[in-house]
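Protein chains: 2
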Amino acid sequence: MPRVGLNQQTVVREAARLADEVGYQQLTLAALAGRLGVALPSLYKHVRGADALAQKLSALVTAELATELTAAAAGRAGGDALRAMADAYRDYAHRHPGRYPATQQVPDPTDPEHVEAGERAVGAIFAVLRGYELTGEDAVDATRALRSALHGFVSLEAAGGFGLPREVDRSYHQLVASMDISLRSWPASDR
Amino acid sequence: MPRVGLNQQTVVREAARLADEVGYQQLTLAALAGRLGVALPSLYKHVRGADALAQKLSALVTAELATELTAAAAGRAGGDALRAMADAYRDYAHRHPGRYPATQQVPDPTDPEHVEAGERAVGAIFAVLRGYELTGEDAVDATRALRSALHGFVSLEAAGGFGLPREVDRSYHQLVASMDISLRSWPASDR
DNA sequence: GGAGTTGGCTAATGATATTAGCTTTACGGC
DNA sequence: GCCGTAAAGCTAATATCATTAGCCAACTCC
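Protein chains in written order, with our numbering: chain A, 1 to 191; chain B, 192 to 382.
In structure tokens, the structure reads:
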């Protein structure tokens, strides 16, 4: 049997591609093995199992997303940065519907690359808030609010929770505009 | 063999309880059958299969959530209504961690009860917006924004995406306060 | 009390994931 | 070049889950 020449990286990358084609839920070791031209158990030479694959995939796609968010915000500030980052976020989810769910898995503390990717992603959002002069607890709260709004919208949209596409674009635009307003006049924390 | 006396309702209700105990992902026909004291294939006398069970479960829990949201907003207006509803929303997710994910499944158009439950849930949110005098497209956009913020926060929290619980309470409070501000000065749609 | 409906069962099939253990390829050192 | 070994592939076996088919017993209703 000629060797295919796989390694962990090629396996995880192919998993990302496959996820985009068939959906995150349908990403299965069996399908992945078939795609790579290999028998299912052979994958265990490169990943510890299905859970480990999901974790490595999460590390990969979180890093991708972090890079795109950072790039979008680079050279911009305030509302410009916010809008650019928000657009990049939703755009990533649209281009990579199967990868996107993997970005929401909490980083595995034992995988430095995963942890670093997560920090970069949150850091990109955090950086945008500097333009709104939010610091300390306020910055933490605002980061969470922004993540919630973006992730919530994107995941509801992906689930088909909204209506017509055209209208959805407008709604997202308005959501981002409303976040801009919120961040400009961030409510005082009473504790 | 003595009959257990199941019907669709008892099966779906038990599925909801089981989901809260073991998690939505771990809700399996096998586990449910075991819990009900019945062999797995017997469940097919009451539900068409795993997908149908998930759909019926969604109808049940969406109705529950809609009822709680409606009750929370009743007799209140404006910011009061918003805060009460937001608290009820997160509270439901905390009390029913296994049911909550099922609330996000898009209603099955062929199941009138499911559709009605979905409409009531969105209607509850929509009603809160009356206090902010938002109508037409603005109300649609604002409803989506509010759903996104609440669902995003709750699902990130459930996934363990945030840190210390105490801090998370504060962040949610601030998120809701910021939504109140946004809704008061909802940005003009430029189209 | 019997007929029919229905709720339970067992058995069989097919995905999927996982583990064990075998074989052969590739490659580095001599 | 040869040989030893680590690693990459394989088959086989096991377990869990979902699904379908077909059987049988228990309620129900006249």
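Beta carbons: idealized from backbone N, C-alpha and C, even for Gly. In this text, all values refer to a predicted model and were calculated from it rather than measured experimentally.
(request) Going by CA-CA distance only, name the one from B:A379, B:A254, B:E212 that's closest to A330 of chain B. (result) Locating residue 330 of chain B in the second sequence gives position 139, counting from the first residue. Comparing Cα-Cα distances from A330 of chain B to each of B:A379, B:A254, B:E212, the minimum goes to B:A379.
(request) Compare the beta carbon distance of A84 of chain A and A73 of chain A with 9 Å and say whether it is the shorter of the two. (result) Along the first sequence, read from residue 1 onward, the residue named residue 84 of chain A stands at position 84. Along the first sequence, read from residue 1 onward, the residue named residue 73 of chain A stands at position 73. Yes. Within cutoff.
(message) Given this structure, state the Cα-to-Cα distance separating V176 of chain A from L197 of chain B, to the nearest angstrom.
(response) By 1-based counting over the first sequence, the position of residue 176 of chain A is 176. By 1-based counting over the second sequence, the position of residue 197 of chain B is 6. In a straight line, the C-alpha of V176 of chain A is about 49 Å away from that of L197 of chain B.
(request) Buried or exposed for R239 of chain B, please, with buried defined as at least 16 other CB atoms from any protein chain shown within 10 angstroms of its CB. (result) Position 48 of the second sequence holds residue 239 of chain B. Exposed.
(request) Please go through the same chain and pick out, in chain order, the residues whose beta-carbon is closer than 6 Å to the beta-carbon of G289 of chain B, but skip the five residues on each side of it. (result) Within the second sequence, numbered from 1, the residue matching residue 289 of chain B stands at position 98. So the qualifying residues of the chain are A210, D211, G214, Y215.
(request) Kindly say whether H364 of chain B, judged by its beta-carbon, lies nearer than 9 Å to any beta-carbon of chain A. (result) Indexing the second sequence from 1 puts residue 364 of chain B at position 173. For H364 of chain B, the answer is yes, since a Cβ of chain A falls inside 9 Å of its Cβ.
(message) Could you give the first and the last residue of the continuous alpha helix (DSSP H) run that contains Q365 of chain B?
(response) As a position in the second sequence, residue 365 of chain B is number 174, starting the count at 1. Q365 of chain B -> alpha helix (DSSP H) spans 356-375.
(message) My parser needs the beta strand (DSSP E) runs of 3 or more residues fully inside the stretch 60-135 of chain A; what are they?
(response) none
(request) Using a Cβ cut-off of 7 Å, pull out every chain B residue sitting near S148 of chain A, in sequence order please. (result) Walking along the first sequence from the start, residue 148 of chain A turns up at place 148. By Cβ distance, chain B contributes A340, G343, F344, L347, L366.
(request) Indicate whether A59 of chain A and P107 of chain A have their beta-carbon atoms separated by less than 9 Å. (result) Within the first sequence, numbered from 1, the residue matching residue 59 of chain A stands at position 59. Within the first sequence, numbered from 1, the residue matching residue 107 of chain A stands at position 107. Result yes, Cβ atoms of A59 of chain A and P107 of chain A sit closer than 9 Å.
(message) Just to make sure I have the definition right: I need the residues of chain B whose C-beta is within less than 8 Å of the C-beta of D141 of chain A. Which are they?
(response) For the purposes of this step, residue 141 of chain A is identified with residue 141 of the first sequence, where counting begins at 1. Per Cβ cutoff of 8 Å: R361, S362, Q365, L366.
(message) Can you pull the chain B neighbours of I181 of chain A, defined as C-beta to C-beta under 8 Å?
(response) For the purposes of this step, residue 181 of chain A is identified with residue 181 of the first sequence, where counting begins at 1. Result: I372, S373, S376, P378.
(message) For L325 of chain B, which residues in the same chain have their Cβ closer than 8 Å to its Cβ, ignoring the five residues on either side in sequence?
(response) Locating residue 325 of chain B in the second sequence gives position 134, counting from the first residue. Excluding positions up to five away in sequence, the list reads A333, L374, W377.
(message) Could you check whether the Cβ of V297 of chain B sits closer than 9 Å to any Cβ belonging to chain A?
(response) Here the question's residue 297 of chain B lines up with position 106 in the second sequence. Output row for V297 of chain B: interface = yes.
(message) On a Cα-Cα basis, can you pick out the residue from A:A159, A:G123, A:A127, A:R170 that is closest to A336 of chain B?
(response) Position 145 of the second sequence, counted from the start, is the residue given in the question as residue 336 of chain B. Among A:A159, A:G123, A:A127, A:R170, the Cα nearest to that of A336 of chain B belongs to A:R170.
(request) Would you check if the distance between the CB atom of T62 of chain A and the CB atom of A121 of chain A is smaller than 9 Å? (result) Working through the first sequence from its first residue, we reach residue 62 of chain A at position 62. Working through the first sequence from its first residue, we reach residue 121 of chain A at position 121. Cβ distance < 9 Å, so T62 of chain A and A121 of chain A count as in contact.
(message) For a contact defined as C-beta to C-beta under 7 Å, what are the partners of E116 of chain A on chain B?
(response) Translated into the one-based positions of the first sequence, residue 116 of chain A becomes position 116. Within chain B, no residue comes near E116 of chain A; the closest Cβ sits about 16 Å away, beyond 7 Å.
(request) Under the assumption that L43 of chain A contacts A86 of chain A (Cβ atoms under 8 Å), give the Cβ distance between them as a whole number of angstroms. (result) What you label residue 43 of chain A is simply residue 43 of the first sequence in a count that begins at 1. What you label residue 86 of chain A is simply residue 86 of the first sequence in a count that begins at 1. Incorrect: roughly 37 Å between the Cβ atoms, too far for contact.
(message) Just to confirm before moving on: does the CB-CB distance between G225 of chain B and S155 of chain A stay below 9 Å?
(response) Working through the second sequence from its first residue, we reach residue 225 of chain B at position 34. Working through the first sequence from its first residue, we reach residue 155 of chain A at position 155. Cβ atoms of G225 of chain B and S155 of chain A: not closer than 9 Å.
(message) Let me see if you follow: with CB-CB separation under 9 Å, is A127 of chain A close to chain B or not?
(response) Counting from one through the first sequence, the residue named residue 127 of chain A turns up at place 127. No, its Cβ sits nowhere closer than 9 Å to a Cβ of chain B.
(message) In this structure, how does DSSP classify G343 of chain B when only helix, strand and coil are distinguished?
(response) For the purposes of this step, residue 343 of chain B is identified with residue 152 of the second sequence, where counting begins at 1. Correct three-state label for G343 of chain B: helix.
(request) Answer with buried or exposed for T201 of chain B, where buried requires no fewer than 16 other C-beta atoms within 10 angstroms of its C-beta. (result) Working through the second sequence from its first residue, we reach residue 201 of chain B at position 10. By the 10 Å Cβ count, T201 of chain B comes out exposed.
(request) Step through the CB atoms of chain B and report whether any lies within less than 9 Å of the CB of A88 of chain A. (result) In the first sequence, residue 88 of chain A corresponds to position 88, counting from 1. Output row for A88 of chain A: interface = no.
(message) Does any residue of chain B have a CB that is nearer than 9 Å to the CB of G160 of chain A?
(response) Working through the first sequence from its first residue, we reach residue 160 of chain A at position 160. Yes, its Cβ sits closer than 9 Å to a Cβ of chain B.
(request) Note down, in chain order, every chain A residue with its Cβ under 9 Å from the Cβ of S233 of chain B. (result) Position 42 of the second sequence, counted from the first residue, corresponds to residue 233 of chain B. Within chain A, no residue comes near S233 of chain B; the closest Cβ sits about 27 Å away, beyond 9 Å.
(message) List, in chain order, every chain A residue whose beta-carbon is nearer than 7 Å to that of S369 of chain B.
(response) Mapped onto the second sequence, residue 369 of chain B falls at position 178. A145, S182, W186, P187, listed in chain order.
(message) Suppose the cutoff is 8 Å on Cβ atoms and the five residues either side in sequence are ignored; what does the same chain contact list for A31 of chain A look like?
(response) As a first step, residue 31 of chain A is located in the first sequence; it is residue number 31 there, counting from the start. Taken in chain order, the residues that qualify are L18, V22.
(request) Give a yes or no on whether 9 Å exceeds the smallest Cβ distance from E358 of chain B to chain A. (result) Mapped onto the second sequence, residue 358 of chain B falls at position 167. So, interface residue.
(request) Could you check which residue in A:L164, A:H96, A:L82 has the C-alpha nearest to that of R13 of chain A? (result) Counting from 1 along the first sequence, the entry for residue 13 of chain A is found at position 13. That would be A:H96, whose Cα lies nearest to the Cα of R13 of chain A.
(message) Below 8 Å on the Cβ atoms is my contact criterion, and I expect T70 of chain A with A124 of chain A to pass it. Report the Cβ-Cβ distance as a whole number of Å.
(response) Locating residue 70 of chain A in the first sequence gives position 70, counting from the first residue. Locating residue 124 of chain A in the first sequence gives position 124, counting from the first residue. That belief holds up - the Cβ atoms of T70 of chain A and A124 of chain A are roughly 5 Å apart, short of 8 Å.
(message) Check this for me: beta carbons of L273 of chain B and V306 of chain B, under 9 Å apart or not?
(response) Counted from its first residue, the second sequence places residue 273 of chain B at position 82. Counted from its first residue, the second sequence places residue 306 of chain B at position 115. No, the Cβ-Cβ distance between L273 of chain B and V306 of chain B is not below 9 Å.
(message) Which same chain residues end up closer than 6 Å to Y132 of chain A when comparing Cβ atoms and leaving out the 5 residues on each side of it in sequence?
(response) One-based indexing of the first sequence puts residue 132 of chain A at position 132. Cβ neighbours of Y132 of chain A beyond the five flanking positions: L183.
(request) Give the range of the alpha helix (DSSP H) segment to which D20 of chain A is assigned. (result) Counting from one through the first sequence, the residue named residue 20 of chain A turns up at place 20. Per DSSP, D20 of chain A belongs to the alpha helix (DSSP H) from 8-22.
(request) Would you please verify whether the beta carbon of E259 of chain B is less than 9 Å from any beta carbon of chain A? (result) Translated into positions along the second sequence, residue 259 of chain B becomes position 68. No, E259 of chain B lies away from the interface with chain A (no Cβ there is under 9 Å from its Cβ).
(message) Does T28 of chain A come out as helix, strand or coil in the three-state DSSP assignment?
(response) Stepping through the first sequence from its first residue, residue 28 of chain A is reached at position 28. It is coil, neither helix nor strand.
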